[in-house]
Amino acid sequence: MATITGPDSPATQPRKRLRAWLLEGLVERPGQQMGPHARPSPEHVRHQWWKVMCLTGLDYFSTLGYQPGIAALAAGLLSPVATVVLVLVTLAGALPVYRRVASESPHGAGSIAMLERLLTFWQGKLFVLVLLGFAATDFLITVTLSTADATEHLVENPHVPSALQGHEVVITLVLIALLGAVFLKGFTEAMGLAVVLVGAYLALNAVVVAVAIWHVVSAPAVVGTWAEALTTEHSNPLLVVGLALLVFPKLALGLSGFETGVAVMPHIQGDPTDTEERPLGRIRGAKKLMTTAAIIMSVFLVTSSVVTTLLIPHAEFEPGGQANGRALAYLAHEYLGDGFGTLYDLSTIAILWFAGASAMAGLLNLFPRYLPRYGMAPHWARAVRPMVLVFTAVAFLVTWLFDADVNAQGGAYATGVLVLITSAAVAVTIAARRARQRGWTIAFGVISAIFVYTTLANVIERPDGVKIGACFIAAILLISILSRLLRAFELRVTAVSLDDVAAGFLDNGTGETLRLIANEPNSRDVTEYEEKLEEIQQDHDIPPNADMLFVEITLRDPSEFETELNVRGELMHGRYRVLALESAAVPNALAALLLHLRDRTGRRPHIYFEWTEGNPITHFARFLMFGQGEVAPITREVLREAEPDRSHRPHVHVG
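Residue numbers for the sequence shown, in our numbering: 29 to 683.
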């Protein structure tokens, strides 16, 4: 007996259910995708700024799990001084920059959106793609690095079976898989869990740091020994400061979290008088969020750096040492016992793992906001679950390549963080200059110079970071180009609207057949329209008294992909009726207009072209790059893809 395999057969139902599940939440408009950092709908419940701070704090505060150890390993005795430099750069540099970003870009698009507005055409798109490559480096390495550090805290706990040691890669992959499973299940927000995790983690860190400070105060010889060793090694105080400035780029991981802070802005509860154009309450809440987080983190960074440098032997920070990547956990076990140390480890593991959730949500917000709108990603890239699978697979690959090593990933992470902060500093400098704020322009210019130096120093010191970033950029560029090629014949028009004059042309037409002439506007004098009309009538044997409409498209930025068509009706020289519109691609706009006219009038329109002279391959390349070329066959192909039924498809004539 034959198996039924029709479109509604039982054999196809599981496949349909899987596809529906994967594409659940797929929407047409950019910025409306799901995820903790997505732009909320108007009825979305917003939260007080301090609760949202806990959401972004999953990424920012979790760096306490490894930052003190990295600082001690990089700077040695200079760790406290270098950390003070980091705090000064945070409070006097990154914080003012991102407070300005919050004012300029309050809808969660961050500094990339500010820079996107500065450049047009293809160079603007390429610039954004490069920034997205570094953003991918930042967020994806956040997932893999923080999860690897969670694994390190797990296997180093004395109560965990020693059999787990040596299997860090497998454990990290399992944790990343669990993270992906959270999003596949339909993760939208975990504000309550974030508040609990961040509150518990900060409280436990406060206990550890307070006890460690008490031990330092109780044994003043510790401070004396450190000071003596520091002066012996570096007798000149100015030299100490200079070396701290040189070491500072290695501590750049402590700057992570600011880009995430502006990404979660749409979730902040504003004032009742807020509008989407002027959300002043939301902006004020975002500034409170970032300021409070920066102050809390600065206090913890300085105090933790001091106590770990003074109380932990330097050998323990080295690879294989008990404090490597887990300095505060070492102190928790050393001074508060294994019971409290295990509780601290559990809290650290939880927040480090969930820091990956914050980064994953950032990815799900950032990439669907740009790539599908540029036509540089498949349409399904706006759905959460397929992108979760893609990002999880990439995180698996990165973890395997780096062998789940925290220190090995530090360079790539710092590079991503620093490039994003540097681009934000440049963006606000340009914004201040355009606003003619001379003082802020100078201040932000100096901050930009500091971050440029820090980024370059980090690249020179750890070139692997920029190499990894370059790999992400190359992958994004390759995928983007292939996607743009594959989506070249999509309709690409999100809406079509006709003004009253254009609508009147259609409603008052005298013929049964709706005929349009595709005309490339040049001088637009009476001779142009006379000759064009006569040529079309002769080529297609159309009666002289036939009702004809001209269609003229003015080409705008051809690097754009999705556009809206606003059709204007114009009566030229008292007799020639013209439907005029602007678009990024002529064939796609014509196809969309024809389908709209068909649906509006109930008649299948006819459109008439003349062949374009020249090489068809050259014309196709012109279409891809500049939105024009051999318009007639491409218009027909766009119509064929948009309307599979030939009996409902508008007619295309070429003479």
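Every residue gets a Cβ at the ideal spot worked out from N, C-alpha and C, and that includes glycine.
Counting along the chain, Thr522 sits inside the beta strand (DSSP E) bounded by residues Val521 to Leu526. Residue state for Phe589 is assigned as coil, using DSSP reduced to three classes.
Per DSSP, Val197 lies in no beta strand (DSSP E) segment; the continuous alpha helix (DSSP H) that holds it begins and ends at Glu196 to Leu212. In this structure, DSSP gives Arg596 an extended state, which the three-state scheme calls strand. The DSSP-derived three-state label of Ile340 is coil.
Put simply, the backbone Cα of Ala471 is about 14 Å away from that of Tyr126. Between the C-alpha atoms of Glu287 and Ala314 there is a straight-line separation of about 12 Å. The distance from the Cβ of Val521 to that of Leu593 is about 6 Å, consistent with a contact at the 8 Å cut-off. Excluding sequence positions up to five before and after Ala378, its CB lies within less than 6 Å of the CB of Leu225, all in the same chain and listed in chain order.
As the crow flies, the alpha-carbon of Val197 is around 20 Å from that of Val210. Going by beta carbons, Met325 and Tyr88 fall inside the 8 Å limit. In its chain, beyond the 5 residues on either side, Gly349 have a beta carbon closer than 8 Å to the beta carbon of Ala343. Listed in chain order, the non-local C-beta contacts of Leu308 below 8 Å within the same chain comprise Gly298, Asp299, Thr301 and Asp302, local neighbours out to five positions each way being set aside. Leaving aside the five residues that flank Ala257 on each side, the residues in its chain whose CB is nearer than 7 Å to its CB run, in chain order, Leu105.
For Glu610, DSSP records a beta bridge to Thr582. As a beta-bridge residue in DSSP terms, Arg605 pairs with Leu599. Exclusion of the five residues before and after Val129 leaves Gly138, Ser139, Met142, Val290, Ala452, Ala455 and Val456 as the residues of its chain whose Cβ lies within less than 8 Å of its Cβ. Of Met293, Thr179, Ala321 and Ile323, the smallest CA-CA separation from Arg312 is found for Met293. Nearest Cα to Lys153 within the set Ser525, Tyr402, Glu559 and Gly439: Tyr402. Going by C-alpha positions, Thr84 is about 55 Å away from Phe637. A straight-line Cα-Cα distance of about 8 Å links Asp177 and Asp433. Runs of alpha helix (DSSP H) with 4 or more residues, each lying fully within the region 122-182, are found at 123-132 and 138-144, listed in chain order. Counting the other Cβ atoms within 10 Å of the Cβ of Asp373 gives 16 or more, which makes it buried. By the C-beta density criterion, His187 is exposed, having fewer than 16 other C-beta atoms within 10 angstroms. Secondary-structure assignment with DSSP links Phe637 through a beta bridge to Val682.
The Cβ atoms of Ser587 and Phe162 do not sit closer than 8 Å to each other. Counting along the chain, Ala222 sits inside no beta strand (DSSP E); it lies in the alpha helix (DSSP H) bounded by residues Met219 to Ser246. Taking C-beta separations shorter than 6 Å and ignoring five residues to either side along the sequence, the partners of Leu147 in its chain run Phe155, following chain order. At least 8 Å separates the beta-carbon of Arg677 from that of Glu669. For His75, the beta-bridge partners assigned by DSSP are Ile296.
Residues Leu339 and Tyr363 of the same chain have their beta carbon placed closer than 7 Å to that of His243, with the five preceding and five following residues left out of the count.
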